[in-house]
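Chains as they are written, first to last, in this note's numbering: chain A, 1 to 456; chain B, 1001 to 1456.
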């Protein structure tokens, strides 16, 4: 038998033309978002001043299983999709594992990450609605880069609020976002009311995704014909990212493979949600039973140590509330933590599925993540982003278990980004100056104290 | 008729298994390298203390048309090859040109460039010979990164001498090369005799590829069981890079296309040599007659304003002499010039073909190159390296000519690298602080004064 190829491609004809809406197959639907003032489920009318209309509909749609990808978005996708599925032969060999490891590589575009999958869709719908500007936030910079790319493509002005600590750690993100013609503002800033308040309350703060969201939303609702877009957490984002898993499933079928284990890193949920949805469908319908693993940073452990509760999506409490695993909107991750995955909460879809036992979560320490990243780079010739490297760590740990037991499990993980903008963190790891931070129970209690009291 | 796909892939089975040696079809062979002391053609015995043996044989082989790619190198290639051929639909649309533009994208690996094609081969032969360490130089950092990657893969210690001005402009190159376990030294350094001499002669110099080569060669010949490897200029490098054009030709045939124009950027020749060889074969054998265009920087115009003469390959004059288009080994490009393409000479193969009228050369200014790069990034979602952006500039200029004449020419160019490590230059362009430098005739005369007197 011929050896399976290293990289498994799809042709454009084989590319999925629909996104899969995992909510349609969930017995317990994710809880609805609540209005921050009334604590009542948010209506379409209340959402449309913040988000563009079509996206609000997608956000609220718990029933349609498959949603057509507009032709214009398919055209945009074809610039960088289908993405390759790669067999990690060299990593397997280095580990000496009987496991078969596959990864879906989503880093082959300027944005350097999977975020472009949702950016392409969201900006398209905004353009179609006739909006004249957009705002967003970015943590590590992947989403901001992807959105600036999509905004350049559809020619809509964009303002990006970037978490200050990342802005300072990654100066080149500014250059790239500006190259695509967008404005970039370190957050918390003095350009919004909520930013000024946060700066006053936490002087010298490095910011958080929660702060940046508050600022971007305020800017959107106070600007004519402008809306806010978000790259993670939301149901619509998990929907758009579903294309990752749909493609991966077809690619694996081409080599007669099906994963025993599916692994994604977990920050807000776009990465894990993207790779898992197609396989979660099989789990929910009983067609198959793969193990699904979320890997989160020990420094920001929203699933493994958080609470499943309604919480503010943002630090400034201007956004709707979502029911999710959360550390509390005032939880501030250590600035020593590199890259993204700093969000206090978790996608309501991923949270509900975790709560219902459909996936498991593990937390890993930063230096262990970079150890995995370096091994991966040396063996597979791709330098991974720190966020994605959490998934690599998870995959390596599972493959090492197989080495002990002798099981030849099939492992699939999502490699969503390249680390070219994370060399400061790699240098710290190389120099031995990188530290691990694990919040104490007291740290967590402070975050939990900021949870709102909601009667369900 | 179905629309041609955006990206044209090859399967592993369709991947070429031989490199093409363009010298075999050249009527006028490239002139032999000369010993720097005797000025006599260099023998195999004189070369083997510097380069590894198999590579010396390839360097001297003007006759074998096709050379088998060793199976082990093919396995390494499969980690990142075949590379996609991409139709630049979005760029074509933005330009409003009737031309069809294709590009071969070689940036999908950690090294971020095509340099890995030759690195994989050279380190393999070194390992096979039982060498215990290697040295090299790097300009923009692409070659150094690729070689550190290949050295990690084959587990051979490596020292990289990096042109000081690039080392300072691109601090993250250090991090990535160190991540792969190699040592990196800014050149000219005080670790070699020749480096100390150059520092004395040109205090405060930002260095040049010529200096870095001298240092790396000195280090190799003064270290036991160590050899020097080089990422451009040499015949063997053009040989290994031929895989780019061989793949591109098969890919174009899949959509019934053949280029009217083939474009590569020209620094030392690895980029242009890689894309053009397969098409040059058709030109040399009379099978077809595509136009082949080398695009070089106006700040370092070795073909358009240089002399075709024997010259030192390095500033320290420890290397063999090569007959090539050159600005003289003491020509120092302006430090304001971003990225690579700073070498004073040009591959002897490319030089001879240029001299014999088989290709044309154009020189372009830096700001025009970045203008093209930005348009390309916004339309095609790949942020190109400054070096490759010279080819983009060339392709855009040809496509704009087509717009004027109404001709629907087919243009193929080589996109050899991503610009993720060049954001300092992009930022300068965004800020409007980037300047163009064109050497005066006097500047050139100074370089020419360093040409050796060789009787042919």
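No residue lacks a Cβ here, since even glycine has one placed at the ideal position from N, Cα and C.
Classified as exposed, residue 435 of chain A has fewer than 16 neighbouring CB atoms from the shown chains inside 10 Å of its CB. Assignment of beta strand (DSSP E) within the segment 290 to 325 of chain A, counting only whole runs of 3 or more residues, yields 291 to 297 and 307 to 312 in chain order. As the crow flies, the alpha-carbon of residue 1378 of chain B is around 35 Å from that of residue 1327 of chain B. Taking the Cα positions, residue 340 of chain A is about 24 Å away from residue 85 of chain A.
DSSP assignment within the segment 33 to 69 of chain A yields the following whole beta strand (DSSP E) runs of 3 residues or more, N-terminal first: 66 to 68.
The beta carbon of residue 1383 of chain B sits closer than 7 Å to some beta carbon of chain A. Among the bridge pairs identified by DSSP, residue 1361 of chain B is matched with B/1294.
Counting C-beta pairs closer than 8 Å gives three or more between the segment 1317 to 1325 of chain B and the segment 1210 to 1225 of chain B, which meets the contact rule. In the three-state DSSP reduction, residue 1029 of chain B falls in the coil class, being neither helix nor strand. Within its own chain, the residues whose Cβ lies closer than 6 Å to the Cβ of residue 322 of chain A, once the five positions on either side in sequence are excluded, are 33, 313 and 348, listed in chain order.
Residue 1334 of chain B places its beta carbon less than 7 Å from that of residue 1437 of chain B. For residue 1005 of chain B, the closest Cβ of chain A is nearer than 7 Å. Contact note: residue 1090 of chain B reaches chain A through 79, using a C-beta cutoff of 7 Å and chain order. Assignment of residue 1162 of chain B by DSSP, reduced to helix, strand and coil, places it in the strand class. Proximity of the segment 1096 to 1109 of chain B to the segment 1399 to 1412 of chain B meets the contact definition, three or more beta-carbon pairs being nearer than 8 Å. When Cβ-Cβ separations below 7 Å define contact, residue 1104 of chain B makes no contact with chain A. Under the three-state reduction of DSSP, residue 1137 of chain B is assigned to strand. Residue 1300 of chain B and residue 1360 of chain B have their C-alpha atoms some 16 Å from each other. Excluding sequence positions up to five before and after residue 1112 of chain B, its CB lies within less than 8 Å of the CB of 1142, 1145, 1385, 1417, 1418, 1420 and 1421, all in the same chain and listed in chain order.
Counting C-beta pairs closer than 8 Å gives fewer than three between the segment 1360 to 1370 of chain B and the segment 1040 to 1050 of chain B, which falls short of the contact rule.
Proximity of the segment 1105 to 1122 of chain B to the segment 1236 to 1244 of chain B meets the contact definition, three or more beta-carbon pairs being nearer than 8 Å. Nearest CB-CB separation between residue 1427 of chain B and chain A: below the 7 Å threshold.
In this structure residue 260 of chain A is buried. Its beta-carbon is surrounded by 16 or more other beta-carbon atoms within 10 angstroms. Beta-bridge pairing by DSSP links residue 1187 of chain B to B/1163. Of the residues B/1273, B/1305 and B/1262, the one whose Cα lies closest to the Cα of residue 1288 of chain B is B/1262. Under DSSP, residue 1089 of chain B forms no beta bridge with any residue.
Contact annotation: in the segment 1173 to 1201 of chain B, residues whose CB is within less than 7 Å of a CB in chain A are 1175, 1176, 1178, 1179 and 1180. Under the Cβ criterion of 7 Å, residue 1038 of chain B is not counted among the residues facing chain A. Between residue 1009 of chain B and residue 105 of chain A, the C-beta gap is not smaller than 7 Å, which leaves the two residues out of contact. One alpha carbon belongs to residue 1125 of chain B, the other to residue 1156 of chain B, and they sit about 12 Å apart. Within chain A, the residues placing a beta-carbon under 9 Å from that of residue 1377 of chain B are 110, 149, 152, 176, 179 and 180, ordered along the chain. Secondary structure note for residue 410 of chain A: its beta strand (DSSP E) is the uninterrupted segment 410 to 415.
Around the beta carbon of residue 258 of chain A, fewer than 16 other beta carbons sit within 10 angstroms, so the residue counts as exposed.
Between the segment 1173 to 1192 of chain B and the segment 1006 to 1023 of chain B, the count of Cβ pairs shorter than 8 Å is below three; the stretches do not touch. By the rule that beta-carbons nearer than 7 Å mark a contact, residue 330 of chain A does not touch chain B. Minimum Cα-Cα distance from residue 1433 of chain B among the listed residues B/1424, B/1440 and B/1441 corresponds to B/1424.
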